[in-house]
Amino acid sequence: MNNPIAFIRNISESTNLPPNIVNNVLDLMINQQCSVPFIARYRKEVIGGIDEVKIREIFDLHELHVETEQRRAFVLKTIKEMELLTPDLEKKINEAITLNQLEDLYAPFKAKKKTKGMLAKEKGLQPLADLLLSTELSLTELQKQFESAFIKPELGVATFEDALNGAKDIIIELIAHNPDLKEDFRKDFWNEALMTSTMKKEAKEIEDAHKYKDYFEYTEPIRDLKEKKATHRFMAIRRGMNEKVLSVNVAFDEVAALRKIERFYPLRNKDLMDLLQKCYERAYKNYIHPSLDLEIKTDLKKFADEHAIEIFKINLKNVLLAPYLGSKAVMGVDPGVRTGCKIAVIDQTGKYLIDTIIYPHPPQNFKTQSAQIMDALIHQFNIEYIAIGNGTYSRETLAFFEQLVSAVVTGKVKATLTSEAGASIYSTSDVARKEFPDKDPTVRSSISIARRFQDPLAELVKLDPKSIGVGQYQHDVNQAMLKKSLGSVVESCVNYVGVDLNTASSSLLSYISGIGPGLSEKIVAFREDNGRFLNRMELKKVPRFSEKIFEQAAGFLRIYNGENPLDGTFIHPEQYDKLTTWAKKNKISVHDLVHSEEYIIKMQNDKALEKELGSYTLSDIIKSLKSPCQDPRTEFQSTDFRKDLQDINDLKLNEWYPGIVTNIAQFGAFVDIGIKENGLLHISEICDHFVENALNELKVGQSVKVRVTSVDFERRRISLSRKTVATDAPVTHTTKPVKHEMRDHYDKEAYHKNNDSKTAAPAACKRPNNDTPLKNKAFAALKSFKVK
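Structure follows, in structure tokens:
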């Protein structure tokens with residue numbers, strides 16, 4: 042199907058976009074080497090204003106098309122070189138749509154060594170195989186008439202029985218490699234087959250095998266596992282299989298399978314029926330079923346990977362675009378007990394100023410001295426916020442500041458807990474060592490906490506996105522696909538916000554359209570040698586900063602208080618001349634245009650300018666002029682946790698607690714309520730109405746109010762709800778875990794920050810030995826989870 046017009050038409054149908062838009066996007070990406078952020082923001086006129094998601098979808102479909110066509114060309118070339126390419130086969134190969142269909146056609150020709158069927162053909166037994174499938178003669182009559190034709194002792198065919206065995210091998214492989222039959226089976230397997238899992242005998246010797254208890258006797262239709270809401274179950278089953286705890290198989294009705302083969306190869310001769318049925322059975326059991334079993338598991342894995350990565354991408358985007366504090370001096374605190382609390386101070390631009398250590402906790406208990414040091418630093422550096430990492434001893438550290446540090450007690454300075462996910466990884470990274478070569482990792486960590494609080498995006502780009510801790514089964518999915526997808530999210534977010542060219546780190550600059558790591562370091566080096574950039578045109582003085590890179594990058598790089606006020610906006614330099622001409626025509630300067638609401642409105646209504654620039658472009662220019670320093674992120678608002686809540690033992694059933702969503706999975710969300718243990722807000726408890734996808738109702742970083750519905754103190758699990766209905770009942774300490782079917786209905790990776798936890802997701806299908814009296818308890822415990 043190597044037809045460009047048909048290809049464009051297919052993408053158009055898949056994306057529900059006009060063919061000319063698809064063609065324009067591909068032309069910009071492939072021929073003009075434009076980045077996705079650049080196309081989405083500065084080429085809206087030619088792409089119809091579609092967003093980055095659609096642009097990437099078009100390109101992904103293009104890459105799949107290229108992969109398919111390369112494979113098609115390889116298959117045709119290989120079979121042709123073998124001198125086995127018939128016109129009919131060539132037609133089928135050219136008409137194949139999917140890679141699976143191509144592989145079905147190629148399968149008979151890609152054997153690494155000669156199969157039994159191939160050897161039998163070399164012995165001249167193909168005609169006998171054809172006879173067995175078509176003759177009306179009995180086996181005895183067949184032997185009488187044709188025995189002498191097929192017995193060839195010199196080729197290893199000493200008897201007619203040898204000839205029959207060879208012919209059967211040919212028939213078995215003929216059936217196994219019939220592409221039409223395989224495709225028919227494929228459709229039926231997806232619609233009717235079941236995924237089954239059982240516990241392996243050796244699993245009893247494996248530690249933590251009980252985590253997969255829900256899957257020890259488990260069955261679920263394959264078609265259900267392909268639904269998005271079920272992908273986490275397949276990932277759990279697969280993990281159990283990889284850990285040699287579970288035996289996992291695709292089950293299909295064998296009787297129905299043999300009947301299907303009989304429809305393709307009818308049994309017309311009763312005398313040969315038993316012989317052929319055994320061939321059919323071997324073809325199915327030895328070839329067709331194992332092949333489709335592997336294919337379906339592979340396809341389900343790919344589908345589950347894609348969905349898990351999609352959730353990760355959404356969570357990551359929300360973390361990166363979280364509300365930012367902005368230009369305020371911040372003190373970062375990495376809490377500690379015996380080794381003390383590590384303190385670092387940064388100024389309004391994120392520049393590191395000073396660090397120290399205080400010991401307000403046991404065994405030292407230097408509370409008074411520590412408070413005095415903090416007040417002195419706060420006064421000296423005009424600190425407005427104190428960001429405390431939410432790890433070990435964070436609540437005790439927050440209490441110290443709120444009770445003893447006078448600037449916090451009086452309300453002059455706000456102390457708050459903030460996520461420290463990834464801070465420890467940054468502190469030992471090459472980026473951190475290069476940035477602070479003389480500092481201890483704990484100091485680097487506290488600097489990172491302060492900077493992340495001040496501007497999450499600018500700090501988090503220094504980390505591998507996987508270490509931010511908002512993924513689901515992130516260590517099980519395709520790592521190349523994950524890296525590519527998360528990289529595109531970071532790139533999208535950075536360009537969506539834009540960066541200050543004179544303060545941005547090389548890590549942040551590297552994600553700007555067209556730049557990359559190498560050039561970003563050259564920009565920083567140029568800035569250090571020559572001072573701040575005064576206008577965007579100075580970028581062309583940076584080594585290797587070509588005209589093409591300037592085109593792709595310039596609009597996303599801001600220069601505030603520079604020579605040209607347009608440099609502080611998202612307006613691209615390619616539009617400067619037109620805007621300058623328009624300003625002169627209206628007898629104002631460009632500087633006046635940026636600050637004049639009257640002329641902005643006049644420009645907005647100028648139809649001639651709209652025709653010259655395009656409606657999308659003019660609309661974006663007007664938006665930039667109205668808000669020159671526009672930052673699409675909202676400003677930070679702190680969440681105040683309940684002060685009477687210090688640890689899990691303080692929780693009270695049915696009471697409401699403020700919290701922050703820290704992660705979202707297919708089955709619900711995890712919420713930080715101000716203590717060490719996150720609570721699980723199950724998808725059924727998110728709202729009073731039905732929720733199909735938690736991502737439609739919540740996002741990472743969102744402030745929520747949640748009600749405690751159950752607490753398992755022994756396993757330190759908390760179940761939460763946002764539903765309005767509540768009953769008054771005292772919370773009870775459980776000494777024995779509540780038995781329930783879906784005990785592991787959570788993904789510990791979501792809150793065990795960078796720990797590849799081995800926890801199974803919930804099973805959902807009916808299983809034998811269901812403990813009916815425990816149903817209500819099971820449902821109540823469903824939403825609980827286990828902490829470290």
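In terms of the working numbering, the sequence shown opens at residue 42 and continues consecutively.
We treat Cβ as the ideally placed atom computed from N, Cα and C, and that holds for glycine.
Same chain, Cβ closer than 7 Å to residue i, five either side skipped, listed in chain order
i	result
R112	L140, L143
R264	W231, N232
N359	K740, V741, G742
S55	L102
A161	G207, A208, D210, I211
G432	P376, E461
Length of the line joining the Cα atoms of residue i and residue j
i	j	result
N206	R300	23 Å
H137	G557	Inspection of the sequence shows that residue 137 is occupied by Ala rather than by His. Those two C-alpha atoms are separated by around 39 Å.
I337	A234	10 Å
Q743	P506	19 Å
L736	N327	43 Å
K241	S288	6 Å
T578	N571	Checking the sequence, you will find Met at residue 578 rather than Thr. Looking at the two C-alpha atoms, the distance is approximately 14 Å.
I91	Q616	21 Å
I490	T397	15 Å
I62	P45	14 Å
V386	E110	56 Å
D29	D203	Because the chain is modelled from 42 through 829, residue 29 falls outside the range shown and cannot be assessed.
H723	E268	19 Å
S679	K746	14 Å
L333	R280	20 Å
G391	A545	10 Å
S441	K408	Checking the sequence, you will find Phe at residue 441 rather than Ser. If you take the alpha carbons of F441 and K408, they lie about 8 Å apart.
F708	H218	41 Å
E49	I80	What sits at residue 49 in the sequence shown is Ile, not Glu. Cα to Cα, the separation comes out at about 19 Å.
R674	L501	15 Å
K25	Q405	With the chain running from 42 to 829 in the structure shown, residue 25 is simply not present.
P478	Y393	13 Å
Among the options, the one whose alpha carbon lies nearest that of residue i
i	options	result
M282	K270, F257, L542, D265	F257
F293	I88, L357, K228	K228
V749	R763, E443, S665, K242	R763
K667	F442, F682, E638, N646	E638
R756	H730, M415, N690, I714	N690
N543	Y657, G603, P614, F708	G603
D471	S548, D541, S660	S548
K151	V116, M415, K132, E268	V116
I350	V565, V530, M159	V530
F677	A298, Y365, I134	Y365
G700	H402, I716, Y537	I716
N423	S238, M644, Q389	Q389
L174	E224, M236, Y321, Q645	Y321
Y426	V454, Y434, Y601	V454
Cβ-based burial, residue i [other Cβ within 10 Å; buried from 16]
i	result
L620	buried
H632	exposed
T272	buried
Q421	exposed
C670	exposed
A47	exposed
T469	exposed
T765	exposed
Q73	exposed
T658	buried
K383	buried
Same chain, Cβ closer than 6 Å to residue i, five either side skipped, listed in chain order
i	result
A244	A250, V286
P59	none
I612	I662, S665
I553	A594, F597
I120	L126, F150
A298	Y325
Spatial neighbours of residue i in its chain, beta-carbon cut-off 8 Å, leaving aside the 5 residues before and after
i	result
E443	V449, V450, A456, K684
I71	H103
Residue i beta carbon near the ligand GTP (any heavy atom closer than 6 Å)
i	result
S533	The ligand GTP is not part of the structure shown, which contains no ligands of any sort.
On the three-pair Cβ rule with 8 Å, is the segment 447 to 455 touching the segment 481 to 500? Put simply, the segment 447 to 455 does not touch the segment 481 to 500. Fewer than three CB pairs are less than 8 Å apart.
For the structure I just gave you, are there three or more beta carbon pairs, one from the segment 503 to 523 and one from the segment 333 to 352, closer than 8 Å? A contact exists between the segment 503 to 523 and the segment 333 to 352.
Three or more C-beta pairs below 8 Å linking the segment 649 to 669 and the segment 613 to 629: The count of Cβ pairs closer than 8 Å, one atom from the segment 649 to 669 and one from the segment 613 to 629, reaches three, so the stretches are in contact.
Between the segment 62 to 69 and the segment 583 to 601, do three or more beta carbon pairs fall short of 8 Å? Here the segment 62 to 69 makes no contact with the segment 583 to 601; the two share fewer than three CB pairs at distances below 8 Å.
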